[in-house]
Every structure is written in C-alpha cells, then in structure tokens.
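Q:
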C-alpha cells in the first residue's frame, strides 16, 4: 500500500455505523501509537488516490469484518495529531449489511453505544453525535 500521507497531510474516513439507534464503537489496543486504549469508530486513512467510499469499506472490513452500506457523509473534522500530521477526517453515516463483528488486532472490544449517553464518548465524537440527532439522521438507517 502507498502511504496515506502526501507530505504531512492525510485524509481519514470514518464509519458512523448505526443499528437500532446505537453506534458501533471499537476500543483501540493499549499499544497503539495514537489514541491507545480509547473508544473510536471504524475507519482510517485513505491510500493516496483511493476513492473515499472504497477506502471506508476497506477500513471497516479490516477493523470489524463488516460490509457496510454508505448512506451519506455528514461531518468533517480537521485536526493535527500529536506527531504533527495534519488530518482531514470525513465521517459517513453507514448501515451494517450483516451481523457478526470480527475485530482486527488493533482493537480489543466493541460496543453498540447508546447515543443518549454522550458524556461517555470521546470529545471529538460528541458534536458529531449531536449533529446526528439534530439533523434526524436516524431516519436514514431505521
């Protein structure tokens, strides 16, 4: 695979997977370089020149074993990682096409998280979860 960075810039795609009103979150392993032992949503960096939809499906399959239907992009975040890498992250609303999660070695556990308990989410996910409610996006996945 070609690195997902051009210089110090990368594009990341994330899957906001909803099932019965709950969000799929994954716990990263303690040895991870970034966000070790933190809850996250599936996804990762695009390869240089990779289509965002293909990249999201690839990352989600690698991390969870799930095939997803990508419904729509609904949030964009820009941030600088602790190693100086500049990331633009696109979050897509998704629906899992089957059950049966198989975690990659990068994660230790998963939960279907009740979106009403926003205080338990990582800081950057809270406004995204609020937007999910604000724009009534649950109607797209019911």
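Numbering (the working numbering), first residue to last: 13 to 154. All C-beta atoms, glycine included, are put in the ideal place defined by N, C-alpha and C.
#1: Go ahead and label residue 65 buried or exposed: buried means 16 or more other beta carbons lie within 10 angstroms of its beta carbon, across all protein chains shown.
#2: Residue 85: which of 31, 131, 149 and 109 sits nearest, CA to CA?
#3: Out of curiosity, what's the CA-to-CA distance linking residue 34 and residue 83?
#4: Whether or not the region 23-37 and the region 123-135 are in contact is what I'm after, with contact meaning three or more pairs of Cβ atoms, one per stretch, closer than 8 Å; do they touch?
#5: Short of 8 Å in beta carbon distance, which residues of its chain neighbour residue 110, apart from the five on each side in sequence? Order them along the chain.
#6: CB residue 88 to CB residue 100, shorter than 8 Å?
A: Checking against the coordinates, here is how it stands:
#1: exposed
#2: 149
#3: 16 Å
#4: yes
#5: 78 and 79
#6: yes
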